[in-house]
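Student: Before I ask anything, let me first share the structure, which is written out below as structure tokens.
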Amino acid sequence: MKYFPETPVEERPEFHRAAKDFLARAAPKVVRQFSPMARVKWHLAASGRGDELVDLLHYERENPGAFSVRGLRRARIELPGVESSSLPSSVRNFNRSELPVRGKLLDLGWEDGKLLVKGYAYIPNVPSATGKRSLRVAVLRRQGSRSTLPLRIRTVLEPRATAEAKGALHSYDWSGFEIGIDPSRLRVRGQWQPGTWRLGIGIPRPGGMSVGSITKNNAGAAGHSCTRILDDGVRLVAGFDRNRLKLSVDVVPAEIIAQEADGETLTVTLRSRVTTPAGKYPTALRIDHEPSGFATDLPLQQGETGADGWLRHTARLDFADLPVDGVRPGKAVKYRALIVFADGTTRRATGGAKHVTGVHPLPEGREFAILTDGAGNFTPQVRTVQPLVDSVEWTAEGELLLSGVYTGPAEQMKMVLRHTGRNEDRPLPVEFADGRFTARLRPDTMPTY
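Below is the structure:
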């Protein structure tokens, strides 16, 4: 099929007969699963319409995956040189799954107390509205429930949508959007309750409406989870499930609030709700390493009630009990930390409002580092000595200030900025003093190729 235009004219009738025989033997359900363009090509081939097939294949080479969608009550494919009325309805008509929403997240951040979601969403090959009068809807749907929250969506110009579509037939410049989500609307009957909300974008199309999710980006804020404290012990985690954006309200029964070490032992302080059900009373802090099978449960010792009204608990970990095989430059042993409850259930140990990162020196040039990720997980690891960023802030002069801990020799440490898209490296000036480092940069003045 691909090289039919180059096939000698005298050999084409044999191809037409083979195509007709193939469609006669193939189950209609199988043929219906072909892409819309493939259905048209096979129909033309089986019908002996060689000239139209040649023109269509030339068009496809110049416009891969591009066609027009027309219709009011039923969406149908339209291609240059092929009269759509000459095609059977099973060939020309689309089903709902063939007109999906293509959505991408471009930025995710907080502004005036709202989660601001920026991105673009369109239906490939479907005529897109121009200007700000775009008829689209946005909604949050609570997983496991019928609860939905309609959202106000603002249409913005976003040329990246057209550029990333890599096609010259259609323009999706006005498929950009901005959505502000007020987290207070995620309360259920006025109370914070654990739950996951998924963002959906609905776009009108011939024959109805397509609804789809927004997928993560490859880099930047739109490619990583982020966490915000909504109330005491209540977090909102903007993350991804199978690369699709989701918002999780996490009402934590227990969390880590501090850690310190005396050289041989790590002491971790947790807090738990006084009013928690008996089954959700924390009993241990589990540290495990799935690849090696290592796991240890550190019993929790209950302390007094803090000024915040939460119970305090402590767990102690001997550094000597941790396996360190395989630790070398560039290769760390990464552990999980889980809180074990009285009913036998567990949850990933997360940090509270204050970050609990840090590093503690170990023998033979190693260190025990405690990191956190975008979801706020408490993540310990044993590694060779490396810098650990524990503070990121913008100065009034527009500089991005990075600072953190580094206990190794400063003369052997250099820092670079690496662009994840183009793999460009740029030296990053850094200052070391008293076991800490500070680096400053102005993104708007960074040299580029």
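According to full-length UniProt numbering, the sequence shown is numbered sequentially starting from 1. The beta carbon of each residue, even a glycine, is placed where N, CA and C say it ideally should be.
(1) Over the uninterrupted alpha helix (DSSP H) stretch that includes residue 451, give me the two end residues.
(2) Would you mind stating whether Val-234 and Trp-197 have Cβ atoms separated by less than 7 Å?
(3) To the nearest whole angstrom, what separates the beta carbons of Asn-93 and Arg-76, a pair I think is in contact under 8 Å?
(4) Drop a sphere of 10 angstroms on the beta-carbon of Asp-173, count the other beta-carbons inside from all chains shown, and report buried for 16 or more, exposed for fewer.
(5) Could you tell me if Asn-218 is buried or exposed, where buried requires 16 or more neighbouring beta carbons within 10 angstroms of its beta carbon?
(6) Taking the Cβ atom as the reference point for each residue, do Leu-322 and Val-382 lie within a distance shorter than 7 Å?
(7) Identify whether Val-327 lies in helix, strand or coil by the three-state DSSP scheme.
(8) Which same chain residues, not among the five before or five after Glu-393, have their C-beta less than 7 Å away from its C-beta?
(9) Short check: CB of Asp-55 to CB of Gly-81, under 7 Å?
(10) Of the residues Leu-79, Arg-228, Ser-210, which one's Cα is nearest the Cα of Ile-181?
(11) Note down, in chain order, each residue of its chain lying with its Cβ closer than 7 Å to the Cβ of Pro-204, except the 5 sequence neighbours on either side.
(12) Would you tell me roughly how many angstroms separate the C-alpha atoms of Met-37 and Gly-65, rounded to the nearest one?
(13) Go ahead and label Asp-107 buried or exposed: buried means 16 or more other beta carbons lie within 10 angstroms of its beta carbon, across all protein chains shown.
(14) Please state whether DSSP places Tyr-449 in a helix, a strand or coil.
(15) Note down the Cα distance separating Leu-338 from Ala-320, rounded to an integer number of angstroms.
(16) Val-69 and Val-137: beta carbons closer than 7 Å?
(17) Pull the bridge partners of Phe-177 from the DSSP assignment, please.
(18) On the three-pair Cβ rule with 8 Å, is the stretch 21–41 touching the stretch 84–98?
(19) Report the residue from Ala-284, Ala-238, Thr-162, Ser-225 whose alpha carbon sits nearest the alpha carbon of Asp-343.
(20) With DSSP as the reference, identify every bridge partner of Gln-302, one or two as the case may be.
(21) Please determine, among Lys-166, Gly-48, Ser-35, the residue with the shortest C-alpha to C-alpha distance to Pro-100.
(22) Please classify Thr-7: does DSSP put it in a helix, a strand, or coil?
(23) Looking only at its chain, what residues have a beta carbon closer than 6 Å to the beta carbon of Tyr-449, apart from the 5 residues adjacent to it on each side?
(24) Once the 5 residues before and after Ser-391 are set aside, which same chain residues still bring their CB inside 6 Å of it?
(25) Could you tell me which of Gly-263, Gly-309, His-355, Lys-216 sits nearest to Met-318, measuring between CA atoms?
(26) Per DSSP, which residues does Val-137 bridge with? Please list them.
(27) Output yes if chain D places a C-beta closer than 7 Å to the C-beta of Phe-67; else output no.
(28) Who are the near neighbours of Arg-366 in its chain, counting only those whose CB is closer than 8 Å to its CB and skipping five residues on each side?
(29) Within 10 Å of its beta-carbon, does Pro-380 have 16 or more other beta-carbons around it, so buried, or fewer, so exposed?
(30) Can you tell me whether Arg-273 is buried or exposed? The criterion is at least 16 other CB atoms within 10 Å of its CB, across all chains shown.
(31) Who are the near neighbours of Thr-372 in its chain, counting only those whose CB is closer than 8 Å to its CB and skipping five residues on each side?
(32) Verify whether the separation of the beta carbon atoms of Thr-314 and Thr-269 is less than 7 Å.
(33) Note the first and the last residue of the continuous beta strand (DSSP E) segment covering Ala-18.
(34) Ignore the nearest five residues each way along the sequence and tell me which others in Val-416's own chain have a CB closer than 8 Å to its CB.
(35) Could you please give the first and the last residue of the uninterrupted alpha helix (DSSP H) stretch that includes His-419?
(36) When the Cα of Val-91 is compared with those of Met-446, Arg-146, Ala-46, which residue comes out closest?
Tutor: Reading it off the structure:
(1) The requested residue 451 does not occur in the structure, where the chain is confined to residues 1 to 449.
(2) Not closer than 7 Å, so no.
(3) The beta-carbon distance between Asn-93 and Arg-76, rounded to whole angstroms, is 5 Å. This is short enough to meet the 8 Å contact definition.
(4) Buried, by the Cβ-count rule.
(5) Around the Cβ of Asn-218, a 10 Å sphere holds fewer than 16 other Cβ atoms; the residue is exposed.
(6) Closer than 7 Å, so yes.
(7) Under the three-state reduction of DSSP, Val-327 is assigned to coil, being neither helix nor strand.
(8) Correct list, in chain order: Leu-401.
(9) Contact annotation: Asp-55 and Gly-81 have beta-carbon atoms nearer than 7 Å.
(10) Put simply, of Leu-79, Arg-228, Ser-210 the residue whose alpha carbon is nearest the alpha carbon of Ile-181 is Arg-228.
(11) Exclusion of the five residues before and after Pro-204 leaves Leu-135 as the residues of its chain whose Cβ lies within less than 7 Å of its Cβ.
(12) Straight-line Cα distance between these residues: approximately 8 Å.
(13) Answer is exposed; the Cβ neighbour count stays below 16.
(14) Residue placement at Tyr-449 is flagged as unreliable, the pLDDT there being 49, under the threshold of 50; a coordinate-derived value is accordingly withheld.
(15) Inter-residue distance for Leu-338 and Ala-320 is about 20 Å (C-alpha atoms, whole angstroms).
(16) The Cβ atoms of Val-69 and Val-137 lie no closer than 7 Å to each other.
(17) Answer is Gly-119, Thr-155, bridged to Phe-177.
(18) The stretch 21–41 vs the stretch 84–98: in contact.
(19) Nearest option by C-alpha distance: Ala-284.
(20) For Gln-302, which the question treats as bridged, DSSP gives the partners His-313.
(21) Shortest Cα-Cα distance from Pro-100 to any of Lys-166, Gly-48, Ser-35 involves Ser-35.
(22) Coil, per DSSP.
(23) The predicted model places Tyr-449 with a pLDDT of 49, which falls under 50 and marks its position as unreliable, so this point remains unresolved.
(24) Contacts found: Ser-403.
(25) The sequence shown places Asp at residue 318, rather than the Met named in the question. Measuring from the Cα of Asp-318, the nearest candidate turns out to be Gly-263.
(26) Val-137 pairs with Gly-202.
(27) Structure shown: chain D not included; a single protein chain is present.
(28) Apart from the 5 residues on each side of it in sequence, Arg-366 sits with its Cβ closer than 8 Å to the Cβ of Val-324, Val-327, Val-382, Arg-383, Thr-384, Val-385 in its chain, given in chain order.
(29) Buried, by the Cβ-count rule.
(30) Sixteen is the threshold: when 16 or more other Cβ atoms of the shown chains lie within 10 Å of the Cβ of Arg-273, as they do, the residue is buried.
(31) Cβ-Cβ distances below 8 Å link Thr-372 to Gly-351, His-355, Val-356, Thr-357, Phe-378, Thr-379 in the same chain, with the five nearest sequence neighbours on each side left out; the list follows chain order.
(32) Contact flag set, yes.
(33) Not the beta strand (DSSP E): Ala-18 falls in the alpha helix (DSSP H), residues 12–25.
(34) Cβ contact annotation for Val-416 (same chain, cutoff 8 Å, sequence separation greater than five): Asp-425, Arg-426, Pro-427, Leu-428, in chain order.
(35) For His-419, there is no enclosing alpha helix (DSSP H), as DSSP gives it neither H nor E.
(36) Taking Val-91 as reference, the option from Met-446, Arg-146, Ala-46 with the minimal CA-CA separation is Ala-46.
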